[in-house]
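Trainee: I'd like to ask you about the structure that follows.
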Amino acid sequence: MSRNDSDNDVVRRSPSLLSLQDSAINTIVKNIGGYRELITKKISPPMRKILFDEAMRRKEEIGAYQVWVALPYLDQHRTTERFTTEDFSTIFHLKGKRGKNMISEGCVSMEEFLQYLIDFVPNLRQLIIADPRTPSTWLVHRFNFKKVQLAPLATDLLLKMKNLTHVTITDVYIQFSRFVSVCRESQNLQLIKTNTILVDIEPNSIKQFLTTLESKFGHQEYDAVKYPRRIGVILKKTDFDEPCRQAKVTLLNNLHDLFPSLTKLHILAQKELLVVGDTHSKRNRLLNILRREGGTLKALCLTYIWPEMNITFNHISEHCNDLEFFELIKSSLRHDDPITYFGKLKTFKWNETDVCPNLQFLDSHMTDIDLTVSDSSMASFTSLREMDIRLLCRFQDMAAF
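Letter by letter, the sequence shown follows residues -6 to 394 in the working numbering.
Following this line, the structure appears as structure tokens:
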């Protein structure tokens, strides 16, 4: 046989050899959860990488739990820096809301999951813990199960991950006292955010804790829409000299003095029309918030402020002297009197009011605005550079134009 004939024979046989390798990979991957120790004993590291990639690609087909139990032996996570529970949401054990015997098919606890990360993902930098109650082909609808809550042991395990820089907890409960521990004791933490912190301490303690973190996290966001049961917090390190502390609050409950001095604030009343007897209390709550927080605000947004609440532009300017950004969303403010002071305001937006206001308070000295008016009641708006008014409604006074 000539050399050329030999080479041609190898070429003809190569597809068969490749098919044999593919067949072996397919067989192992389909049963990868049963191999475990055999993976490290019988399979070389390059082939383990191929198995890992193929198993992750076919995770839904072969079952997330099979891949999960094989991960420690595939050892690809030794250099992994980002991990999320969303890749393995179906492995978690869930408790039913209705009936003591209702449980999910998952059998891994959150604590076991976090312990795995400690043991096998030593370089982990970014961790996402998300609600595992995701519907799939075999899991009963998520709302049949209770939301997962991080137990004290789970937060203790988080603290053992010394390299963590970013932590995101989405729709998984964590008590505020445990959240405090993670923020204080995680030395390399650059960002932590969660939307479901259960309030288990007094309001004054919440404010005191967040205040102590101002030097560590220059950017802080607070969501108190669901207060007093829970709040959301985002803490982030920044290089900016000026701190940013912004909050979203509602008038549906008696909001306490929860947060450090704010620079940005979004206040929501309620979408529905005010009921009789409710107007006065909500007006007072709004004014109390402005009185308490307005002195440090640079940006303010008001949503669903109805005409019946009798809030004027002067109420805003009186309490928010340093305001640079002001936005109204589906809100109506009175402007019967000349507006006294908005000297630092640079941006004003008014979007989708229920009943369009009389716009004669707009002053013609502002450039880049295609409205010609004669009234000069906005002469104090000396710094205004941007205005965006979108009024999708009927007009009360067309003569204003």
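Ideal placement from N, C-alpha and C gives every residue a C-beta, glycine not left out. Since we're looking at a predicted model, the values are computed, not measured.
Go through the segment 130 to 203 residue by residue and report every complete run of the alpha helix (DSSP H) that reaches 4 residues or more, in order.
Mentor: You should have 145 to 152, 169 to 178.
Trainee: Measure how close the beta-carbons of ILE122 and VAL165 come, nearest whole angstrom, since I'm counting them as under 8 Å.
Mentor: Contact holds; Cβ gap of about 5 Å.
Trainee: Taking the alpha carbon of ARG278 as the reference point, which residue from LEU117, ASN303, LYS52 has its own alpha carbon closest?
Mentor: Comparing Cα-Cα distances from ARG278 to each of LEU117, ASN303, LYS52, the minimum goes to ASN303.
Trainee: Can you tell me whether SER357 is buried or exposed? The criterion is at least 16 other CB atoms within 10 Å of its CB, across all chains shown.
Mentor: With a pLDDT of 34 at SER357, under the threshold of 50, the predicted position of this residue should be treated as unreliable, though the coordinate-derived value follows. Classification of SER357: exposed, given that the 10 Å Cβ count is below 16.
Trainee: How is PHE406 classed by DSSP in three states: helix, strand or coil?
Mentor: Missing from the structure shown is residue 406; the chain here goes from -6 to 394 and no further.
Trainee: Which partner residues does CYS294 have in the DSSP bridge list?
Mentor: HIS259, GLU320.
Trainee: My understanding is that GLU104 touches ALA57, with C-beta atoms under 8 Å, so please give their C-beta distance in whole angstroms.
Mentor: So it is not a contact: roughly 18 Å between Cβ atoms.
Trainee: Tell me the residue span of the beta strand (DSSP E) that contains ALA123.
Mentor: Per DSSP, ALA123 belongs to the beta strand (DSSP E) from 119 to 123.
Trainee: Three Cβ pairs or more, each shorter than 8 Å: is that satisfied between the segment 224 to 234 and the segment 272 to 286?
Mentor: No: the two stretches stay apart, fewer than three of their Cβ pairs being nearer than 8 Å.
Trainee: Just list the residues that DSSP pairs TYR215 with in beta bridges.
Mentor: In the DSSP output, where bridge partners are listed per residue, TYR215 has VAL226, ALA240.
Trainee: Report the CB separation of ILE199 from PHE169 in whole angstroms; it is logged as a contact under 8 Å.
Mentor: Right, their Cβ atoms sit about 7 Å apart.
Trainee: On a CA-only basis, which of THR187, MET154, THR189 is nearest ASN181? Give me that one, please.
Mentor: Considering only alpha carbons, the answer is MET154.
Trainee: Under the three-state reduction of DSSP, which class applies to GLY89: helix, strand or coil?
Mentor: Here GLY89 sits in strand by DSSP.
Trainee: With a threshold of 7 Å on Cβ separation, who are the neighbours of ASN19 within its own chain once the five nearest residues in sequence on each side are excluded?
Mentor: Within the same chain, ASN19 has no close Cβ partners at all.
Trainee: Exposed or buried, PRO145, counting other C-beta atoms within 10 Å across all chains shown (16 or more means buried)?
Mentor: It is exposed - the Cβ of PRO145 has fewer than 16 other Cβ atoms within 10 Å.
Trainee: Just to confirm before moving on: does the CB-CB distance between GLN119 and ARG71 stay below 8 Å?
Mentor: Not in contact: GLN119 and ARG71 (Cβ atoms no closer than 8 Å).
Trainee: Anyone know if the C-beta pair for LEU150 and GLN201 falls short of 8 Å?
Mentor: Contact: no.
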